[in-house]
Amino acid sequence: MNKKNLENGKTRFSKIDFKSKDGIKMLLIFAFIIIVVFVFIKGTINRKHNKVCNGIKDEILQITDSYLESNNLYPKLNGEAITLELSNMTDTVTFKKKTVEGSVTYTKYGNEYVKTFNLANASYCTTKGFNKKTSNYNEVQNMKVEVLFNYQEVTHYNSKWTKWYPSNKISENETNGVNLPIDSKNLPTIPDTAVIKEYVRDTKTYYSYRDKKWKWYKYNVNYSGFSATAPKGYPNKDTSTLLKTEASEWSLDYPEEFSYRHIQTKKGYQWYKMDGKTKVYWENGKYSVEKPGDEYTKEKGNGVNMYSYYDDTYRWYNKDKRGYLTYFSSTKPHDYKYRDDSLYTYTSWSSFSDTSKVDSSNKSYREEKTDIYSRYLIKYDMYSFKVFDKPVTLEELESKLGKSYEEIVNDDSIELEVTFNFYKEK
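Taken in order, the sequence shown gives residues 343 to 768; the numbers are from my numbering.
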């Protein structure tokens with residue numbers, strides 16, 4: 343621009359009336375341009391400085407990380423911290439021909455480390471202090487960490503053992519690795535404020551038995567097999583040998599009637615289950631007295647009569663009788679030498695007990711079944727109120743308890759609360 347043009351520009355600018363609307367508008371435009379240029383230049387400088395400072399921090403971390411690794415000094419406990427003075431490091435970092443001084447603090451924060459730089463003699467990378475408090479950690483920023491502590495006293499208890507429960511009272515699904523009773527009321531009673539640490543299950547084999555009993559007879563004479571009517575050559579029925587046949591399947595057909603036949607009648611129904619909005623009938627609509635499964639519903643209506651029967655059968659003889667005992671017995675009665683293995687009955691199953699009742703004297707006629715019974719105990723903790731009205735420093739905590747931080751962390755009678763406060767660099 344030549345001198346004449348410059349003078350013309352000054353003349354035009356001097357002629358602007360800054361009190362007029364156009365003048366004010368022009369002034370605002372000039373101010374906006376200046377601000378934009380300033381912000382751009384400032385941002386460019388800051389980005390350049392940040393890049394340089396981050397490079398210096400990376401160099402420092404190479405030194406301090408190596409030192410902690412080789413000396414096994416990394417903090418291991420949550421909230422534990424160690425500060426390394428750069429002046430104590432063998433290697434140094436220089437910036438603008440000056441040795442960077444200060445320190446780096448490593449604070450264990452969960453599964454990571456917060457690394458706080460407090461640098462001096464580092465030109466514009468010198469740490470200017472920390473001020474703005476936040477509860478959120480930002481790994482991109484240089485942040486100072488304040489770690490505070492509180493704790494609750496923990497007392498450990500064991501509940502009373504429950505009674506023993508059979509397997510059908512126990513859930514097949516695990517809770518905390520343990521199969522618990524289906525009904526939670528069968529668990530031990532503990533305080534509402536208790537914290538459950540462990541369910542303990544104890545198991546034991548329980549036993550139930552029943553005895554088989556037979557009909558015995560005195561004389562080993564010839565008898566027929568079991569029949570509802572007299573077989574050829576055996577005209578006489580021995581009524582003491584009654585044996586009922588198994589009941590027939592339920593049918594819509596009415597069975598033929600005989601004097602020895604017992605006919606039962608029940609209502610049969612069609613059963614269906616739902617597949618979406620469609621009824622799917624059991625066996626394509628066949629009738630059944632019993633519900634085929636839990637998923638089936640009985641069709642509405644009066645149903646139909648269905649029939650089942652069984653027959654009375656006996657042993658038959660020609661002339662002489664065997665002389666059967668009038669009752670069933672597990673062992674040979676006096677004067678009754680012979681046992682009819684087809685005529686037998688069972689006693690009811692006994693109540694379950696934790697002792698087997700089968701031995702050499704009865705194993706020939708006694709049957710046994712087992713079940714796994716369970717009982718339960720709960721290990722639980724009770725917590726006091728927080729000991730301090732407000733959180734304290736690690737030094738105050740150790741002083742209060744008279745223990746090192748590691749001892750406090752490993753003490754299961756102490757429930758520690760660790761609070762982290764972060765402060766951003768100015």
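Cβ coordinates follow ideal geometry from the N, Cα and C atoms, glycine included. Only a predicted model underlies this, so the values are computations on that prediction, with no experimental measurement involved.
- For my contact list, Asp696 and Lys546 are in at a C-beta cut-off of 8 Å; report their separation, rounded to the angstrom. The C-beta distance from Asp696 to Lys546 rounds to 6 Å, short enough to meet the 8 Å contact threshold.
- To the nearest angstrom, report how far apart Tyr652 and Lys554 are at their CA atoms. Rounded to the nearest angstrom, the gap between the Cα atoms of Tyr652 and Lys554 is 23 Å.
- Query: In whole angstroms, what separates the C-alpha of Thr668 from that of Tyr688?
  - Reply: So the alpha carbons of these two residues sit roughly 16 Å apart.
- Tell me, please, which residues DSSP counts as bridged to Ser716. Checking the DSSP bridge columns, you'll see Ser716 partnered with Tyr507, Thr545.
- Output the boundary residues of the alpha helix (DSSP H) element that contains Glu740. Residues 736-743.
- Task: Taking only the alpha-carbon atoms, compute the straight-line gap between Pro476 and Ser716 and give it to the nearest angstrom.
- Result: As written in the sequence, residue 476 is Thr, which differs from the Pro given in the question. When rounded, the distance between both Cα atoms is 52 Å.
- Are three or more beta carbon pairs between the segment 716-726 and the segment 443-450 nearer than 8 Å? No: the two stretches stay apart, fewer than three of their Cβ pairs being nearer than 8 Å.
- Item | Cβ-Cβ distance between Ser445 and Leu426 below 9 Å | Closer than 9 Å, so yes.
- Task: Have a look at Val631 and Met648 and give me their C-alpha separation to the nearest angstrom.
- Result: Rounded to whole angstroms, Val631 to Met648 spans 7 Å at the Cα level.
- Item | Cα-Cα separation, Asn564 to Asn510 | Going from the Cα of Asn564 to the Cα of Asn510 covers about 49 Å.
- Message: For a minimum of 4 consecutive residues, which ranges assigned as the alpha helix (DSSP H) are wholly contained in the segment 540-588?
- Response: You should have found no qualifying run.
- Message: On the CB-based measure, 16 or more other CB atoms within 10 Å of its CB, does Phe600 come out buried or exposed?
- Response: Flag for Phe600 reads exposed.
- Message: At the level of alpha carbons, what is the spacing between Leu348 and Thr436?
- Response: Residue placement at Leu348 is poorly supported in this model, since its pLDDT is 45, which falls under 50; the coordinates still yield a value, given next. Straight through space, the alpha carbons of Thr436 and Leu348 are spaced by roughly 48 Å.
- Item | Simplified DSSP assignment, three categories, for Ile387 | Only weak support is given to the placement of Ile387: the predicted model assigns it a pLDDT of 49, under 50, and the question is left unresolved by the model.
- Taking only runs of the beta strand (DSSP E) that begin and end inside the segment 573-658, which ones reach a length of at least 3 residues, in chain order? Secondary structure remark: continuous beta strand (DSSP E) runs of at least 3 residues inside the segment 573-658, in chain order: 578-586, 603-617, 620-623.
- Could you check the C-alpha separation between Ile387 and Glu759 for me, to the nearest Å? Reliability fails at Ile387, whose pLDDT of 49 lies under 50, so the model's placement of it is uncertain and the value that follows must be treated cautiously. When rounded, the distance between both Cα atoms is 43 Å.
- Trp691: buried (16+ other C-beta within 10 angstroms of its C-beta) or exposed? With fewer than 16 Cβ atoms within 10 Å of its Cβ, Trp691 is classed as exposed.
- So what does DSSP say about Ser445, is it helix, strand or coil? DSSP places Ser445 in strand when its eight states are reduced to three.
- Query: For Ser684, which residues of its own chain have a beta-carbon under 8 Å away from its beta-carbon, when the five flanking residues on both sides are left out?
  - Reply: Excluding residues within five positions, the ones whose Cβ falls inside 8 Å are Phe568, Leu585.
- Is it right to say Gly351 is buried, meaning 16 or more other beta carbons lie within 10 angstroms of its own, or is it exposed? Unreliable placement is indicated for Gly351, whose pLDDT of 47 sits below 50; the coordinate value is still reported in the next sentence. Exposed, by the Cβ-count rule.
- Task: Tell me, to the nearest whole angstrom, how far the beta carbon of Tyr680 is from that of Tyr559; I am working on the premise that it is less than 8 Å.
- Result: Contact holds; Cβ gap of about 5 Å.
- Thr497 versus Ile538, Glu454, Glu422, residue with shortest Cα-Cα distance: It is Ile538.
- DSSP state of Leu776, grouped into three classes? Residue 776 is absent from the structure shown; the chain starts at 343 and stops at 768.
- Item | Where the alpha helix (DSSP H) containing Ile756 begins and where it ends | No alpha helix (DSSP H) holds Ile756; the beta strand (DSSP E) holding it covers 756-767.
- Message: What would DSSP say about Ile405, mapped onto helix, strand or coil?
- Response: Residue state, collapsed to three classes: helix.
- Query: Contact check, Ala462 vs Ile398 under 8 Å by CB: the rounded distance?
  - Reply: Taking 8 Å as the upper bound for CB-CB distance, Ala462 and Ile398 are not in contact here, some 12 Å apart.
- Query: Does DSSP put Asp400 in a helix, a strand or coil?
  - Reply: In the displayed model, Asp400 falls within a helix according to three-state DSSP.
- Determine the extent of the alpha helix (DSSP H) in which Tyr747 is found, giving its start and end residues. Unbroken alpha helix (DSSP H) run through Tyr747: 747-751.
- Distance, Leu410 Cα to Tyr416 Cα: Computed Cα separation, rounded: 6 Å.
- Reducing DSSP to helix, strand and coil, say where Val435 ends up. Three-state result, Val435: coil.
- With DSSP run on the structure shown, which of helix, strand or coil describes Val394? The answer is helix: DSSP assigns Val394 an H, G or I state.
- Taking the CB atoms as reference points, tell me whether Leu719 and Pro597 lie closer together than 9 Å. The answer is no: Cβ separation not under 9 Å.
- Residues near Glu625 by beta carbon distance below 6 Å, same chain, minus five either side: If we look at Glu625 and ignore the five residues flanking it on each side, it has no Cβ neighbours.
- Query: Starting from Ala462 and walking both ways along the beta strand (DSSP E), at which residues does that stretch end?
  - Reply: Taken as a continuous stretch (DSSP letters only), the beta strand (DSSP E) holding Ala462 covers 454-462.
- Item | Close Cβ partners of Tyr548 (< 8 Å) along its chain, the five nearest in sequence each way excluded | Taking C-beta separations shorter than 8 Å and ignoring five residues to either side along the sequence, the partners of Tyr548 in its chain run Trp506, Pro508, Phe694, Ser695, Asp696, Thr712, Asp713, Ile714, Tyr715, following chain order.
- What distance in whole Å lies between the Cβ atoms of Tyr499 and Glu757, which are believed to be in contact at a cut-off of 8 Å? That belief does not hold up - the Cβ atoms of Glu757 and Tyr499 are roughly 15 Å apart, past 8 Å.
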